[in-house]
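In the order they appear, the protein sequences are chains A, B and C. First residue of the first sequence? That's 0 in numbering that gives the first Met the number 0, and the numbers climb one at a time after it. First residue of the second sequence? That's 0 in numbering that gives the first Met the number 0, and the numbers climb one at a time after it. First residue of the third sequence? That's 0 in numbering that gives the first Met the number 0, and the numbers climb one at a time after it. Backbone N, C-alpha and C define an ideal beta-carbon position, used for all residues, glycine too. To start, the structure under review is shown below, and the notes come after it.
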Amino acid sequence: MPRQGSQNSSTGRRTGTRPGGKKNKRTKLLPDRVERFEIRISGAGGQGIISTGMLLGEAIALGDGRNVSQSQAYGPEARGGATRADLIISDGDIFFPECHEPDLLVAFTTEAYEKHAPSVKPDGLIIADESAVDIVMGNARTVKVPFIKLAEKEFGHPIVANIIALGFLATYTGIVSEKSIREAVEDRFAGTKYLDMNLKALEAGFKLGKEYAKKYPL
Amino acid sequence: MATQLSEIHEYLRWRKRFPTVWCAGCGIGTIMNNMLHAIHDLQIPKDDIALISGIGCSSRMPIYVDFNTLHTTHGRALPFAIGVKLARPEMTVIVVSGDGDGLAIGGNHFIHACRRNIDITMILINNSIYGMTGGQVAPTTPLGARAHTAPYGNIDPPFDAVELALAAGATFVARSTTYHIIQNINYIKKALQHKGFSVVEIISQCPTLYGRLNGIPDPRDMLLWEKENAVPLAKAKKMSPEELKGKIITGIFREDTQKPEYTEQVYELIRKLSKSNGGK
Amino acid sequence: MPLNRFTKDGHPIKFVQGNEAVVWGAIHAGCRFFAGYPITPSTEIAEGMARELPKVGGVFIQMEDEIGSIAAIIGASAAGAKAMTATSGPGFSLMQENIGYAYMTQLPIVIVDVQRGGPSTGLPTKLSQGDTMQARWGTHGDYTAVALAASSVQEAYEATIRAFNLACKLSTPVIVLLDELIGHMREKLVLKKPEEIHEEPRSFPTVPPEWYLPYDIPSDFIAHPSPFGEGYRYSITGLTHDRAGFPTSISAEITERLEALREKIVVHKQEIWDWKEYYTGDARILIVAYGSAARAARGAVEHLRRKRFKAGFLELKSIWPFPDGPLLSAAKHAKYVFVAENCMGQLIHPVKEALAGTHIRVVSVTRYDGHPLEPAQIVHAIKEEI
């Protein structure tokens with residue numbers, strides 16, 4: 000019989016490599032050396048969820064030079080439906096490329112937030128679009144950020160919310176360096192008319208992340 | 000006559016492969032002869048010709064002729080031919096197919112080859128029946144005709160291959176019969192010279208199966224039937240549908256040189272892109 | 000995407016899907032013809048080939064179905080091109096008749112099958128390894144298949160290059176078995192530099208046309224039918240044929256043809272076999288797996304070794320012809336062999352066959368709900384059994 004679920008997974012669990020342990024105030028979400036760090040980005044089809052995972056993965060793998068596997072799950076719809084991208088970061092080999100219990104969840108819709116927030120590790124972090132959170136869920140801390148509102152207000156396009164979020168992730172959580180994520184975005188949009196808008200959205204994300212880091216430290 | 004024979008012999012694998020599998024009185028040999036005369040008249044080198052077929056009586060033709068020959072799977076001659084043409088655009092690619100091979104199992108490939116307008120000549124040999132498997136109903140069997148899988152008479156309305164080719168976008172479409180051999184040679188020559196997808200449907204006789212099952216077992220009678228029922232396109236235009244019932248309209252139905260040819264477009268894109276890529 | 004990132008020693012690097020890695024593998028192996036039909040989860044291969052092939056002088060065509068796609072690449076191969084198609088379960092099923100044609104006519108082609116859940120339409124966006132046997136026995140008649148596998152994006156690139164080289168060397172179809180996880184997963188891909196890639200060329204005849212036998216049976220049993228248009232006019236047919244390529248019904252010629260088709264793979268099997276061993280030296284417990292299941296198996300064996308179990312892992316990077324030699328050697332000290340698969344158990348059959356003369360207990364570890372096997376599941380299954 001196939002046995003599913005991951006409660007006893009030894010390789011699926013991070014093994015206390017976080018500097019200083021739990022008691023100390025954490026300075027970094029993603030440690031310098033890690034056996035397994037799980038990120039889940041989730042939302043609806045058409046929100047650029049998989050692109051976000053791709054850009055983040057590229058930045059961490061090629062820019063920051065760490066091992067990353069990025070996989071995804073999506074329904075048959077090209078638009079709408081629930082979509083997620085999973086990233087596993089490791090300084091060793093990645094044996095199972097999907098998240099068991101994310102260390103970091105980024106959620107863009109209520110459906111995604113409510114579905115995945117309960118699975119986040121208690122000492123993990125949830126970053127959710129403020130529109131996605133009706134009732135705070137799960138054991139991990141939820142930080143609400145107005146990505147979509149900002150994208151609409153500043154750029155007139157809700158689609159750049161994910162690029163703002165990428166910038167935010169860099170400065171607020173430190174899981175990716177500003178330089179690497181900027182390179183990934185430049186690479187992706189080089190030679191297109193969208194480059195300028197996306198770089199501006201990224202800068203807006205950097206700025207927002209820094210503000211949040213002061214107001215709501217990790 | 001003697002010179003004609005030697006002309007044809009040069010194109011046959013006569014040392015190795017004869018006699019053919021075809022029955023006495025079959026029309027396919029006539030069409031092979033007509034095709035070889037057309038090729039000879041146009042002086043296309045044998046090395047430049049790829050003759051491709053699927054499965055069936057007519058699809059045995061490549062075995063007997065001295066070209067680059069590809070005898071493939073049932074119904075799939077056209078996609079194989081598309082692969083050959085696109086990989087070696089300088090080759091003259093000919094597909095020979097039967098009505099079952101080309102219009103039933105290969106019907107989807109047929110309409111898409113017409114749509115693409117790729118420079119391939121298809122000789123569609125229509126004898127209204129499945130010969131190789133022993134006389135089953137074909138997508139061209141007339142209503143009411145008998146076949147071994149239509150023992151009480153056919154109730155499946157037949158395809159008109161010419162109408163199908165025209166509707167699907169082939170740019171050269173012609174029909175002839177095995178009685179009209181000079182016309183056949185001319186149509187095949189025109190088809191080979193045409194840049195684009197060309198279809199020449201040739202109505203042929205199968206005395207062994209179609210003939211015997213439908214009361215015309217003598218191939219001479221079948222040829223005479225072709226002669227009597229063939230109506231040239233110009234004349235057919237003046238006739239009523241009732242008058243045309245059971246007739247074979249022959250002629251060139253379309254010769255369009257305006258529609259872009261597929262292979263040329265593929266290579267135009269390659270030229271454009273490989274230049275901007277530094278020719279790597 | 001431009002190639003603008005490099006490793007320190009100058010290799011281009013990308014963060015791409017396994018499917019995109021196949022595209023680069025094919026281009027680097029000299030593939031210049033692709034015909035395909037969209038099907039999840041392999042479509043990115045067709046999209047990548049449509050984008051990249053014309054830049055290097057190659058032809059891309061989207062056909063009307065998978066039968067047309069495989070027919071077109073065999074036609075292109077007959078005309079001398081290195082040709083590939085990519086598909087998934089339902090399309091792979093449709094292609095089977097013509098794959099048999101390519102075995103029979105000894106025309107080199109590469110087929111990438113990005114496996115998804117089945118039977119029938121099954122699970123288009125989820126993984127499976129349910130085509131393991133279809134890759135071996137999918138078409139009718141007697142023949143011997145060649146199939147390679149990959150468990151990472153990097154390996155998908157390398158397996159594709161290898162598939163072209165083997166196809167050209169052995170003049171036969173070569174199947175690359177990926178699965179949805181490997182096809183859609185993104186990882187770092189380090190591309191080879193042109194000078195590092197061995198490109199097996201297509202074979203051309205060396206004798207004058209009048210002496211030429213396209214389907215001769217030489218000592219290595221491989222016939223290399225000449226590409227069309229080279230002045231060697233001959234007959235290619237899917238009918239059982241003699242050495243000149245013409246249909247035959249003579250018993251001796253039929254027997255010799257079928258035996259040559261088998262022998263050409265059998266005598267080269269050691270060259271085809273590809274595998275990787277982990278801790279097999281003293282392994283009492285051996286795990287065997289390929290593709291995405293191999294990732295979980297690696298995790299399981301690392302865990303078991305940490306817990307002082309004498310566990311080892313044999314990762315198969317070629318599936319067919321089945322690498323029985325490497326298996327017997329890796330299982331030398333084994334009491335148990337666990338075959339981990341993302342299907343109800345297909346790879347277990349050749350494993351059992353290879354180990355038939357031993358006292359080793361062969362156990363199946365399976366998962367078939369469309370999700371990848373987990374290391375913990377394999378560890379649990381092993382602990383339950385021993």
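Neighbourhood of GLU51 (chain C) in chain A, by CB distance below 8 Å: empty, with the nearest CB roughly 17 Å away. GLU34 (chain A) places its beta carbon 8 Å or farther from that of SER70 (chain A). The C-beta of PHE66 (chain B) has 16 or more other C-beta atoms within 10 Å across all chains shown, which makes the residue buried. In the DSSP annotation of this structure, the continuous segment of the beta strand (DSSP E) that includes LYS13 (chain C) starts and ends at 12-16. With respect to ILE187 (chain B), ASN33 (chain B) sits close: the two C-beta atoms are nearer than 8 Å. Counting C-beta atoms within 10 angstroms of its own C-beta, VAL22 (chain C) has 16 or more neighbours from the protein chains shown and is therefore classed as buried. Counting along the chain, TYR73 (chain A) sits inside the beta strand (DSSP E) bounded by residues 66-73. Secondary structure of LEU104 (chain A) (DSSP, three-state): strand.
Taking 8 Å as the upper bound for CB-CB distance, THR159 (chain C) and GLY24 (chain C) are in contact here, some 3 Å apart.
When DSSP assignments are scanned along the segment 214-259 of chain C, no uninterrupted stretch of alpha helix (DSSP H) that is 4 or more residues long falls wholly within it. Inter-segment contact for the segment 360-367 of chain C and the segment 333-349 of chain C is present: three or more beta-carbon pairs are separated by less than 8 Å. Here ILE48 (chain B) has PHE66 and THR91 as same chain residues with Cβ atoms under 6 Å from its own Cβ, once five neighbours each way along the sequence are excluded.
Under DSSP, SER96 (chain B) shares a beta bridge with B:LEU123. Cα atoms of GLU57 (chain A) and GLU182 (chain A): separation of roughly 9 Å, rounded to the nearest angstrom.
Rounded to whole angstroms, the gap between the alpha carbons of VAL109 (chain C) and ASP219 (chain C) is 21 Å. At a cut-off of 8 Å between beta-carbon atoms, THR29 (chain B) makes no contact with chain C. By DSSP's assignment, ASN67 (chain B) forms a beta bridge with B:ALA49. Counting only residues of its own chain and dropping the five nearest sequence neighbours on each side, ALA70 (chain C) has a CB closer than 6 Å to the CB of ASN97. Counted as a single uninterrupted DSSP element, the beta strand (DSSP E) harbouring PHE312 (chain C) occupies residues 310-315.
The beta carbon of ILE216 (chain C) is closer than 6 Å to those of ALA259 in its chain, skipping five residues each way along the sequence. In the pairwise beta carbon analysis, the segment 112-126 of chain B is classified as touching the segment 193-209 of chain B: at least three pairs are separated by under 8 Å.
At least one C-beta of chain B is nearer than 8 Å to the C-beta of ASP64 (chain C).
Annotated three-state conformation of SER41 (chain A) is strand, per DSSP.
Counting only residues of its own chain and dropping the five nearest sequence neighbours on each side, PHE14 (chain C) has a CB closer than 8 Å to the CB of ARG185, GLU186, LYS187 and LEU188. With distances taken between CA atoms, GLY143 (chain B) lies nearest to B:PRO156 out of B:ILE117, B:GLU241, B:SER96 and B:PRO156. Put simply, of A:LYS178, A:GLU129, A:ASP85 and A:LEU124 the residue whose alpha carbon is nearest the alpha carbon of ILE40 (chain A) is A:ASP85. About 6 Å separates the beta carbons of LEU168 (chain A) and ILE174 (chain A), which is inside the 8 Å limit, making them a contact pair. Put simply, the CB of THR159 (chain C) is far from chain B, with every gap to its CB atoms at 8 Å or more.
In terms of CA proximity to ILE110 (chain B), B:ALA166 leads the group B:THR148, B:SER57 and B:ALA166. Straight across, the Cα-Cα distance linking GLU129 (chain A) with LYS309 (chain C) is about 51 Å.
Considering only C:ILE286, C:VAL266, C:VAL265 and C:HIS267, the residue with the shortest C-alpha distance to LYS275 (chain C) is C:ILE286. At the C-beta level, LEU177 (chain C) and ALA149 (chain C) come within 8 Å of one another. Boundaries of the beta strand (DSSP E) around PHE171 (chain B): 171-176. Three or more beta-carbon pairs drawn from the segment 82-89 of chain C and the segment 40-48 of chain C are found closer than 8 Å, and the two stretches are therefore classed as touching. As the crow flies, the alpha-carbon of PHE94 (chain A) is around 35 Å from that of GLU202 (chain A). Comparing alpha carbon positions, the residue from C:HIS302, C:LEU257, C:PHE227 and C:PHE321 closest to HIS267 (chain C) is C:PHE321.
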